[in-house]
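Trainee: If you're matching positions, the sequence shown starts at 852 in our numbering and goes up one per residue.
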Amino acid sequence: MMILVIYSPCYIEGSNLWIDRKVHSGNCLFAQQLSIKITMIAPVLEDPSKMMDLIAVPLDELTYAVEPLKCDDSYVLDSSETERVRKLVQKSTLVYGTGFEIHTHTQKLNKAHVAIAEFNLATQIQISRLAVEGTLRRSARTAKTLLRFLGESRMHRHAHSVHCNGYPMYYQTKYLNDNCLLYLDSRMTENLIINLDRLEARLEDFAKGRKARLIYSGRYEAIKGALDVVEVGIELNRRGVRFELDLFGKGAQAEEMRRRVETSGGGDNIRVNDAIPYPELIERSHDSDLFVCCHVQDDPSCTYLEASGSGLPIAGYNNRMWKNFARFANNGVITTRKQPKDLANKIEKLLSDRQRLIDFSRQSREFALAHTFEKEFGSRIKALQAIRT
């Protein structure tokens, strides 16, 4: 049995498992391609309204087992669950993932452990402080995160290998473990990448001078810079740029974003929409010209690769993920974090240099083709199979 450690929350209601669509698809592929029993452990989802792409899967149709665990709002395991996790590890032959102090059990029980590294220290601190208010409570969360990070670093040193999701964690972790694998996680399967003829038709239409179509998708949260995306649109309006900006998502900043659009008078061409199903989002992305990304944190968001798969250049802040992604993909522009006016300036210049934007669009598609879900997932499967043999 392989234990798959997942941080994405889920819950069981009646005869159905409610789970993130991407996580479910990945679990099914692990079970299929590894030909081994898979048991997923994940936090119990307390508030389904916070998830954007939940699906209901009948329990009797699952190709993997699931063990929802009680955790706090920072996904720290409830002490009552420790023994259950230990028993699961004892029954396993391989543990894949990080969290819930599972490495303490793999080391004591001498089980093969492949860690997954996703969030660097700065991002972990940002996430840990989101749900609390007050200087003392935030300081306590920061201290707890620092201690956990030190423990994770020791765990990465002792793990059989570490699979690093995204550039920031790969560059940080490769000094701790010689056996590191870099992968770029996304839902962008090869069949979802924009057809070349469709891309060229869009670029030809854009080259004729039509109004630019800008897009953002993701959580409407401060850590994602969602409000800054609206500010970028407002600044573009002030500059007289011809564009439309559609945002798709949900989150705590939604109402504030809509109020800001309304008070600025930008409602005609800046639209803060609700989240839409992923297949529909792909279609909207295929018809857009530029992705606006104001992520302030360094997390390995699927956004960059999924936007690229739609042939979209990206205009974003210089977090460590986008800065490195842009270096390899050469498909967008970068500005200082939390400076929406500077980003609007870069976007205005890019839209006025239509050939440059067209070149970025083609480079986005080429990079996405080289890093499809099938290829990135395949490299992880190959590494896990090597351990099993």
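Ideal Cβ positions, reconstructed from N, Cα and C, are used throughout, including at glycine.
Would you call residue 1148 buried or exposed, if buried means 16 or more other Cβ atoms sit within 10 Å of its Cβ?
Mentor: Within the sequence shown, residue 1148 is the residue found at index 297, counting from 1. Classification for residue 1148: buried.
Trainee: Applying the criterion that 16 or more other CB atoms from any shown protein chain within 10 Å of the CB defines a buried residue, is residue 1151 buried or exposed?
Mentor: In the sequence shown, counting from the first residue as 1, residue 1151 sits at position 300. Buried, since its Cβ has 16 or more Cβ neighbours within 10 Å.
Trainee: By alpha-carbon positions, which one of 1235, 875, 930, 1230 ends up nearest to residue 807?
Mentor: Nothing can be reported for residue 807: it is not among the residues displayed for the chain, which extend from 852 to 1240.
Trainee: If we call anything under 8 Å between Cβ atoms a contact, is residue 946 one with residue 856?
Mentor: Translated into positions along the sequence shown, residue 946 becomes position 95. Translated into positions along the sequence shown, residue 856 becomes position 5. Going by C-beta atoms, residue 946 is nearer than 8 Å to residue 856.
Trainee: Only counting the same chain, and skipping five residues up and downstream in sequence, which positions put a Cβ closer than 7 Å to that of residue 1092?
Mentor: Reading the sequence shown from its first residue, position 241 is the one you call residue 1092. The residues are 1199, 1202.
Trainee: Alpha carbon to alpha carbon, how far is residue 994 from residue 1007?
Mentor: Residue 994 sits at position 143 when you count from the first residue of the sequence shown. Residue 1007 sits at position 156 when you count from the first residue of the sequence shown. About 20 Å.
Trainee: Quick check on residue 1026: buried or exposed, where buried means 16 or more other Cβ atoms within 10 Å of its Cβ?
Mentor: Translated into the one-based positions of the sequence shown, residue 1026 becomes position 175. By the 10 Å Cβ count, residue 1026 comes out exposed.
Trainee: Taking DSSP as the reference, what is the three-state secondary structure of residue 878?
Mentor: By one-based count along the sequence shown, residue 878 stands at place 27. Note: residue 878 maps to helix in three-state DSSP.
Trainee: Here's the rule I'm using: 16 or more other beta-carbon atoms within 10 Å means buried, otherwise exposed. How should residue 1162 be labelled?
Mentor: For the purposes of this step, residue 1162 is identified with residue 311 of the sequence shown, where counting begins at 1. Under this definition residue 1162 is a buried residue.
Trainee: In angstroms with no decimal places, state the Cα-to-Cα distance between residue 1160 and residue 1079.
Mentor: Along the sequence shown, read from residue 1 onward, the residue named residue 1160 stands at position 309. Along the sequence shown, read from residue 1 onward, the residue named residue 1079 stands at position 228. One C-alpha to the other measures close to 24 Å.
Trainee: Are the CB atoms of residue 1133 and residue 1043 nearer to each other than 8 Å?
Mentor: As a position in the sequence shown, residue 1133 is number 282, starting the count at 1. As a position in the sequence shown, residue 1043 is number 192, starting the count at 1. Yes, Cβ-Cβ distance for residue 1133 and residue 1043 is below 8 Å.
Trainee: Within 10 Å of its beta-carbon, does residue 1236 have 16 or more other beta-carbons around it, so buried, or fewer, so exposed?
Mentor: Walking along the sequence shown from the start, residue 1236 turns up at place 385. By the neighbour-count rule (16 or more Cβ atoms within 10 Å), residue 1236 is not buried but exposed.
Trainee: So what does residue 863 bridge to, in DSSP terms?
Mentor: Mapped onto the sequence shown, residue 863 falls at position 12. Answer by DSSP bridge pairing, in chain order: 868.
Trainee: What whole-angstrom Cβ distance do residue 928 and residue 912 have, given they're in contact under 8 Å?
Mentor: As a first step, residue 928 must be located in the sequence shown, where it is residue number 77. As a first step, residue 912 must be located in the sequence shown, where it is residue number 61. Between residue 912 and residue 928 the Cβ distance is about 28 Å, and since that is not below 8 Å, they are no contact.
Trainee: What does DSSP give as the partner residue(s) for residue 890 in the beta ladder?
Mentor: Walking along the sequence shown from the start, residue 890 turns up at place 39. Paired residue(s): 854, 916.
Trainee: Under 8 Å: do the stretch 887-907 and the stretch 861-868 share three or more Cβ pairs, one atom per stretch?
Mentor: In short, these stretches touch, since the Cβ pair count reaches three.
Trainee: To the nearest angstrom, report how far apart residue 1156 and residue 944 are at their CA atoms.
Mentor: Along the sequence shown, read from residue 1 onward, the residue named residue 1156 stands at position 305. Along the sequence shown, read from residue 1 onward, the residue named residue 944 stands at position 93. Residue 1156 and residue 944: Cα-Cα distance of roughly 33 Å.
Trainee: The alpha helix (DSSP H) with residue 1276 in it runs from where to where?
Mentor: The question about residue 1276 has no answer, for the chain in this structure spans 852 to 1240.
Trainee: Looking at the secondary structure, which residues open and close the beta strand (DSSP E) in which residue 1186 lies?
Mentor: Position 335 of the sequence shown, counted from the start, is the residue given in the question as residue 1186. Start and end: 1183-1186.
Trainee: Please confirm whether residue 1244 and residue 1117 have their CB atoms less than 8 Å apart.
Mentor: Residue 1244 lies beyond the stretch modelled for the chain, which goes from 852 to 1240, so this question has no answer here.
Trainee: Classify residue 1055 as buried or exposed, calling it buried when 16 or more other Cβ atoms lie within 10 Å of its own Cβ.
Mentor: Your numbering for residue 1055 matches position 204 in the sequence shown. So residue 1055 counts as exposed.
Trainee: Taking the alpha-carbon of residue 922 as reference, which of 890, 859, 1173, 968 has the nearest alpha-carbon?
Mentor: Mapped onto the sequence shown, residue 922 falls at position 71. The residue with the shortest Cα to Cα distance from residue 922 is 859.
Trainee: For residue 957 and residue 1109, what's the separation of their Cα atoms in angstroms?
Mentor: Along the sequence shown, read from residue 1 onward, the residue named residue 957 stands at position 106. Along the sequence shown, read from residue 1 onward, the residue named residue 1109 stands at position 258. Roughly 48 Å separates the two Cα atoms.
Trainee: With respect to the alpha helix (DSSP H) encompassing residue 897, which residues constitute its N-terminal and C-terminal limits?
Mentor: Residue 897 sits at position 46 when you count from the first residue of the sequence shown. Element bounds for residue 897: n/a, residue is neither H nor E.
Trainee: So the candidates are 1072, 962, 1210, 1034; which of them puts its Cα closest to the Cα of residue 1181?
Mentor: The sequence position of residue 1181 within the sequence shown is 330, counting from 1. It is 1210.
Trainee: Go to residue 1018, then tell me how far its alpha helix (DSSP H) extends in each direction, as first and last residue.
Mentor: Working through the sequence shown from its first residue, we reach residue 1018 at position 167. Looking at the DSSP string, the run of the alpha helix (DSSP H) that includes residue 1018 is 1018-1024.
Trainee: Suppose the cutoff is 7 Å on Cβ atoms and the five residues either side in sequence are ignored; what does the same chain contact list for residue 1129 look like?
Mentor: Along the sequence shown, one-based indexing puts residue 1129 at 278. Cβ neighbours of residue 1129 beyond the five flanking positions: 872, 904, 1038.
Trainee: What first and last residue would you give for the alpha helix (DSSP H) that runs through residue 1130?
Mentor: For this step, residue 1130 is matched to residue 279 along the sequence shown. Unbroken alpha helix (DSSP H) run through residue 1130: 1129-1137.
Trainee: Check whether the stretch 971-979 and the stretch 931-939 touch, using three or more Cβ-Cβ pairs below 8 Å as the test.
Mentor: Not touching, per the Cβ criterion.
Trainee: Jot down the residue ranges of each uninterrupted beta strand (DSSP E) in the stretch 1013-1093, minimum 3 residues, whole runs only, in chain order.
Mentor: Qualifying beta strand (DSSP E) stretches, in chain order: 1031-1034, 1063-1070.
Trainee: Bridge partners of residue 966, per DSSP?
Mentor: Translated into positions along the sequence shown, residue 966 becomes position 115. Per DSSP, 1013.
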